[in-house]
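*Asks:* Quick one: this structure, given as structure tokens, is what I'll be asking you about.
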Amino acid sequence: MDDAREDDVIGLWRVSRSGRIGGYVIAAVPACGALSTWLDVFSHPDAQNMGSAGIVTATALGFALFAWWRLLRIRLEFTTEMITMVNPWGTQRLPWSRVTAVTLGNWGVEFHIADGFKYTAFALSDLAGGTRQDGRFADVQRIAQAQLRKGHPL
Numbered sequence: 031m032d033d034a035r036e037d038d039v040i041g042l043w044r045v046s047r048s049g050r051i052g053g054y055v056i057a058a059v060p061a062c063g064a065l066s067t068w069l070d071v072f073s074h075p076d077a078q079n080m081g082s083a084g085i086v087t088a089t090a091l092g093f094a095l096f097a098w099w100r101l102l103r104i105r106l107e108f109t110t111e112m113i114t115m116v117n118p119w120g121t122q123r124l125p126w127s128r129v130t131a132v133t134l135g136n137w138g139v140e141f142h143i144a145d146g147f148k149y150t151a152f153a154l155s156d157l158a159g160g161t162r163q164d165g166r167f168a169d170v171q172r173i174a175q176a177q178l179r180k181g182h183p184l
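Here it is as structure tokens:
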């Protein structure tokens, strides 16, 4: 963990199971194609096969990077002092003391702060798994409410 010890983690959510499976498939299918192309290079070594294998490998790496960046690394983590949101566009760390409300929007869990700004955690997005995240949000809200009652105003 970056800023917290593992025993400080009180909640961790990732993109839904179907979203993660989709991410692995997006990464694995082109990788299998690249492997097949390289096996062909070993059985028929020539410049054209080598070039094709290089292109297919670069494409597979691109798909794997996209799947990791867009689905597999996404997470929402609660520690006793901090909320960490890893989204495709970056990582945000928000102290519990700044949170005034927690809601569920179409792009994920929204953490509202006193100045009117809100931080969104994509890990519970409707679009991440294609289904509503109400059940998972109930767990997030339960932990958030308990944490906010421990001395952080809501």
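Numbers given in our numbering equal positions in the sequence shown, counted from 1, plus 30.
All C-beta atoms in this analysis are idealised placements derived from N, C-alpha and C, irrespective of residue type, glycine included.
(1) Taking the beta carbon of Pro60 as the centre, do at least 16 other beta carbons fall within 10 Å, making it buried, or is it exposed?
(2) DSSP has Tyr149 in a bridge; who is on the other side?
(3) Measure the C-alpha to C-alpha separation of Gly120 and Ile51 and round it to an integer number of angstroms.
(4) Please confirm whether Met115 and Ala151 have their CB atoms less than 7 Å apart.
(5) With a threshold of 8 Å, are at least 3 pairs of Cβ atoms found where one atom belongs to the stretch 36-46 and the other to the stretch 77-91?
(6) Using DSSP with H/G/I as helix, E/B as strand and the rest coil, what is Val45?
*Replies:* Reading it off the structure:
(1) buried
(2) Phe141
(3) 22 Å
(4) yes
(5) no
(6) coil
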